[in-house]
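Asker:
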Amino acid sequence: MSSKAKVFQNVIYSGLAKGTTIMCLAITSMVVARNLSPSDYGVVAFAGIIIGFLGHFSDLGVGNAVIRRHSLDQKSLQTAFTLKIILGVGAFLAVQLIALFAHHFFQHPATGDVMRVLAFNFLLSTIGFMPGVMLTREQNFRALVIPGVLSVVARSVIAITLVLSGWEYWSIVLADVGATIVSAVAIQLMRKIPMGFHFDWHDAQEYVRFGAPLLGSGILVFLIFNLDNLLIGSILGSVQLGYYALAFTWGSFICGLLYDTVNNVLFPAFSTIQHDQATMRRWYLKTVDLVAFIALIVNTTLLANAHFFLVTFLGNGTDKWLPAILPLEILCIYGIIRATTEPLANCIMALGQTRILLQATILAGLTEVALLALVVTSGKIELVAAVVLIAYVTQAVIYIPFLRRHLGIGPRDLAAQLWPVIPALLAGYGATLLLPASIGDSLLTLAVRGLFTALVVAFVHGLCTRFRCFQEARGMIFENMARVRA
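Numbered per this note's numbering, the sequence shown spans residues 924 to 1409.
Rendered as structure tokens:
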């Protein structure tokens, strides 16, 4: 099987798992949003900020370091596992300590208890570390589909059952822990690797050297993605944080979708061709083209139908979530830009240039801090969303020179791939505005509106690119069908 066919096949497997995720997430989000208040949504978001921050210390890029190694024996793998456990225990204990003071930063009385329960994920996730790393290293994404699907289904079943039983925000918390358990057990069953402990200082130092810059950039990325949430929660309260967290979740949803479906596949693939600049250049440009196309369709559809999405889908016909509309619209644009940018991180890590990520995130972090200091006291969460968008875009100052030096890709090459995004977005948004409000606001009409927007965006983008994304996908599908028949 060619490398191109293998990557495409792995994307298909990841896509099937993510397709299940989308359906489960849509149903779960609708039920949860209709039964929780913005304040309940806010307390889980605030606790997630602390857990997410310490999550960087519980990993330290060890998994990616193992995946990238040219050779790996059992002792080296066990060293990584031992290091992962040490980091996980440290993060767990840190949360228990921080939880004692959580009420000083966030007024909701349950914040500390929510953090303590979520911290168990640091310990539970180590169960599936070794088989998960090995399956990713082997690019066996078919085997990773089942644990991913089971985890998503478990999360949805637990969350829906508990929220309908009156457990409020605890439904989200316990569903998260339950999903981690299911995923860890399932991945162990898919790739049985006996748990063993070993610690080799040479291997550990190699992992840390690779992961330390990732830790630094990871912390700064965390600040970029969560400083807004932290300030809103601390200054404006849980209700405003609930509105903003919901807007950010959906505005950046496509980023998580593409990260799990495409980017996780690309890192091991790029690692195998890290010494072939021409091949990596070609793959990167094709990836950016495809990712931008998908993100454009999804987020333009959400952008153009934001009002009906918040009122009909999440609000059950009420305006409970309508204050989130402006942040959501701004963050839809942010989601397109972020999704298009993120594949570059796979090239950077595959080439071992992790300091570039650190430099880019420092720039974005400083920009965000400076601008947030000016707008957060205004009480307008839409201004906070605009700051996040502007800060993220500043990373281009670092990334564009990197692309020119290491992949021979200049601004003209990027523009040639991405210029159709603008007319397609404007056409989709403008055409949707022309739809009459008299068609109704039911879930069915929302689906019709969304489908209309998506078709307009896809058609206009296709006209601008001579439908190259469709042709590329068709070619890879036919190649895989021919291989299966053979």
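No residue lacks a Cβ here, since even glycine has one placed at the ideal position from N, Cα and C.
Return yes when the Cβ of G1258 is within less than 9 Å of the Cβ of F1176, no when it is not.
Answerer: If you number the sequence shown from 1, residue 1176 lands on position 253. If you number the sequence shown from 1, residue 1258 lands on position 335. Yes, they are a contact pair.
Asker: Assuming G1363 and T1224 form a contact by the criterion Cβ under 8 Å, report the distance between their Cβ atoms to the nearest whole angstrom.
Answerer: Counted from its first residue, the sequence shown places residue 1363 at position 440. Counted from its first residue, the sequence shown places residue 1224 at position 301. Actually they are not in contact, since the Cβ atoms of G1363 and T1224 sit about 18 Å apart, beyond 8 Å.
Asker: In angstroms, rounded to a whole number, what distance separates the CA positions of T1277 and I945?
Answerer: For the purposes of this step, residue 1277 is taken as residue 354 along the sequence shown, with counting starting at 1. For the purposes of this step, residue 945 is taken as residue 22 along the sequence shown, with counting starting at 1. Spanning the two alpha carbons is a distance of roughly 31 Å.
Asker: Is the separation between the beta-carbon of L1267 and that of F1325 shorter than 9 Å?
Answerer: Taking the sequence shown and counting its residues from 1, one reaches residue 1267 at position 344. Taking the sequence shown and counting its residues from 1, one reaches residue 1325 at position 402. Result yes, Cβ atoms of L1267 and F1325 sit closer than 9 Å.
Asker: Where do the ends of the alpha helix (DSSP H) carrying N1269 lie?
Answerer: Your numbering for residue 1269 matches position 346 in the sequence shown. Its alpha helix (DSSP H) spans residues P1266 to A1273.
Asker: Can you list the alpha helix (DSSP H) stretches of 4 or more residues lying completely in the region 1254–1317, in chain order?
Answerer: Qualifying alpha helix (DSSP H) stretches, in chain order: 1266–1273, 1277–1298 and 1304–1316.
Asker: So, helix, strand or coil for R1114, using DSSP?
Answerer: What you label residue 1114 is simply residue 191 of the sequence shown in a count that begins at 1. Looking at R1114 - three-state DSSP - the assignment turns out to be coil, as it is neither helix nor strand.
Asker: Any contact between the region 1078–1086 and the region 1043–1055? By contact I mean 3 or more CB pairs, one from each, below 8 Å.
Answerer: They do not touch, by the three-pair rule.
Asker: Classify V1407 as buried or exposed, calling it buried when 16 or more other Cβ atoms lie within 10 Å of its own Cβ.
Answerer: For this step, residue 1407 is matched to residue 484 along the sequence shown. Here the model assigns V1407 a pLDDT of 44, short of 50, so the residue's position is not dependable, and the following value carries that caveat. Exposed, because fewer than 16 other Cβ atoms sit within 10 Å of the Cβ of V1407.
Asker: For I1321, I'd like the list of residues in its chain whose CB is within less than 8 Å of its CB, leaving aside the five on either flank, ordered along the chain.
Answerer: Position 398 of the sequence shown, counted from the start, is the residue given in the question as residue 1321. Correct list, in chain order: I1279, Q1282, A1283 and L1286.
Asker: Please report the distance separating the alpha-carbon of N1403 from that of L1164.
Answerer: Here residue 1403 is taken as the residue at index 480 of the sequence shown, counted from 1. Here residue 1164 is taken as the residue at index 241 of the sequence shown, counted from 1. With a pLDDT of only 49 at N1403, under 50, the local geometry of the prediction cannot be trusted, and the value read off the model is given with reservation. Roughly 46 Å separates the two Cα atoms.
Asker: Pair every Cβ in the region 945–963 with every Cβ in the region 1011–1021, then say whether three or more of these pairs are closer than 8 Å.
Answerer: The region 945–963 vs the region 1011–1021: no contact.
Asker: Sorted by chain position, which residues of the same chain lie with C-beta nearer than 6 Å to V989's C-beta, five sequence neighbours on each side aside?
Answerer: On the sequence shown, residue 989 is found 66 positions in, with the first residue counted as 1. So the list reads A1003 and V1056, once near-sequence residues are dropped.
Asker: Using the rule of at least 16 other Cβ atoms within 10 Å of the residue's Cβ for burial, across every protein chain shown, is K1007 buried or exposed?
Answerer: The residue given as residue 1007 occupies position 84 in the sequence shown. Label assigned to K1007: buried.
Asker: If I'm right that H1027 touches S1161 with Cβ under 8 Å, what's the distance once you round it to whole angstroms?
Answerer: Position 104 of the sequence shown, counting from 1, holds the residue named residue 1027. Position 238 of the sequence shown, counting from 1, holds the residue named residue 1161. At roughly 15 Å, the Cβ-Cβ gap does not stay under 8 Å, so H1027 and S1161 are not in contact.
Asker: Taking the alpha helix (DSSP H) that G1119 belongs to, which residues open and close that run?
Answerer: Reading the sequence shown from its first residue, position 196 is the one you call residue 1119. Here G1119 belongs to no alpha helix (DSSP H), and DSSP marks it neither H nor E.
Asker: For H1329, which three-state DSSP category applies?
Answerer: Within the sequence shown, numbered from 1, the residue matching residue 1329 stands at position 406. In the structure shown, H1329 sits in a helix (DSSP, three-state: H, G or I).
Asker: What residue does the alpha helix (DSSP H) around L1087 start on, and which one ends it?
Answerer: Numbered from its first residue, the sequence shown carries residue 1087 at position 164. Residues F1064 to L1087.
Asker: If we ignore side chains and look at the alpha-carbon of each, how far apart do L1213 and Y1182 end up?
Answerer: Locating residue 1213 in the sequence shown gives position 290, where the first residue counts as 1. Locating residue 1182 in the sequence shown gives position 259, where the first residue counts as 1. Roughly 13 Å between the two C-alpha positions.
Asker: Compare the Cα-Cα distances from A1310 to each of N1044, G1351 and I1253 and report the closest residue.
Answerer: Numbered from 1 along the sequence shown, position 387 holds the residue referred to as residue 1310. Going by the sequence as given, residue 1310 is Val instead of Ala. Selected option, being the one with the closest Cα: I1253.
Asker: Do you know whose CA, among I1110, Q1062, L1058 and R1060, lies nearest S1074's CA?
Answerer: As a position in the sequence shown, residue 1074 is number 151, starting the count at 1. Selected option, being the one with the closest Cα: I1110.
Asker: With distances taken between CB atoms, is the gap from G1174 to L1294 smaller than 9 Å?
Answerer: Against the sequence shown, residue 1174 aligns to sequence position 251. Against the sequence shown, residue 1294 aligns to sequence position 371. Not a contact, by the Cβ cut-off of 9 Å.
Asker: Are there three or more Cβ pairs, one per stretch, closer than 8 Å when the region 1063–1080 is compared with the region 1102–1109?
Answerer: The region 1063–1080 vs the region 1102–1109: in contact.
Asker: How would you write the range of the alpha helix (DSSP H) that D1036 sits in, first residue to last?
Answerer: Position 113 of the sequence shown holds residue 1036. Run containing D1036: T1034 to L1041, per the alpha helix (DSSP H) assignment.
Asker: To the nearest angstrom, report how far apart C1392 and A1381 are at their CA atoms.
Answerer: Residue 1392 sits at position 469 when you count from the first residue of the sequence shown. Residue 1381 sits at position 458 when you count from the first residue of the sequence shown. Roughly 10 Å separates the two Cα atoms.
Asker: Is W1173 helix, strand or coil when you go by DSSP?
Answerer: On the sequence shown, position 250 is the one that residue 1173 refers to. Three-state DSSP puts W1173 in a helix.
Asker: Kindly indicate which three-state DSSP category Y1092 falls into: helix, strand or coil?
Answerer: Position 169 of the sequence shown, counted from the start, is the residue given in the question as residue 1092. Residue state, collapsed to three classes: coil.
Asker: Suppose you measure from the CA of A1227 to the CA of V1108; what does that come to, to the nearest Å?
Answerer: Residue mapping note: residue 1227 aligns to position 304 of the sequence shown, counting from 1. Residue mapping note: residue 1108 aligns to position 185 of the sequence shown, counting from 1. If you take the alpha carbons of A1227 and V1108, they lie about 41 Å apart.
Asker: Under the three-state reduction of DSSP, which class applies to G1238: helix, strand or coil?
Answerer: As a working mapping, residue 1238 is identified with position 315 in the sequence shown. It is coil, neither helix nor strand.
Asker: Thinking C-alpha only, which one of A1017, G1035 and L1016 is nearest A1025?
Answerer: By one-based count along the sequence shown, residue 1025 stands at place 102. Taking only the C-alpha atoms, the option nearest A1025 is G1035.
Asker: Check P1359 in the structure and name its three-state DSSP category.
Answerer: As a first step, residue 1359 is located in the sequence shown; it is residue number 436 there, counting from the start. In the structure shown, P1359 sits in coil (DSSP, three-state: anything other than H, G, I, E or B).
Asker: When you compare only the Cα positions, how much space is there between L1112 and L1010?
Answerer: Along the sequence shown, one-based indexing puts residue 1112 at 189. Along the sequence shown, one-based indexing puts residue 1010 at 87. Distance between the alpha carbons of L1112 and L1010 is about 24 Å.
Asker: Less than 8 Å between C-beta atoms, sequence neighbours within five positions excluded: which residues of the same chain meet that for I1081?
Answerer: For the purposes of this step, residue 1081 is identified with residue 158 of the sequence shown, where counting begins at 1. Same-chain partners within the cutoff: S1094, L1097, A1098, G1101 and A1102.
Asker: Does DSSP put D982 in a helix, a strand or coil?
Answerer: Numbered from 1 along the sequence shown, position 59 holds the residue referred to as residue 982. D982: helix per DSSP, three-state reduction.
Asker: Terminal residues of the continuous alpha helix (DSSP H) containing H1384?
Answerer: Taking the first residue of the sequence shown as 1, we reach residue 1384 at position 461. That run of the alpha helix (DSSP H) goes L1366 to T1388.
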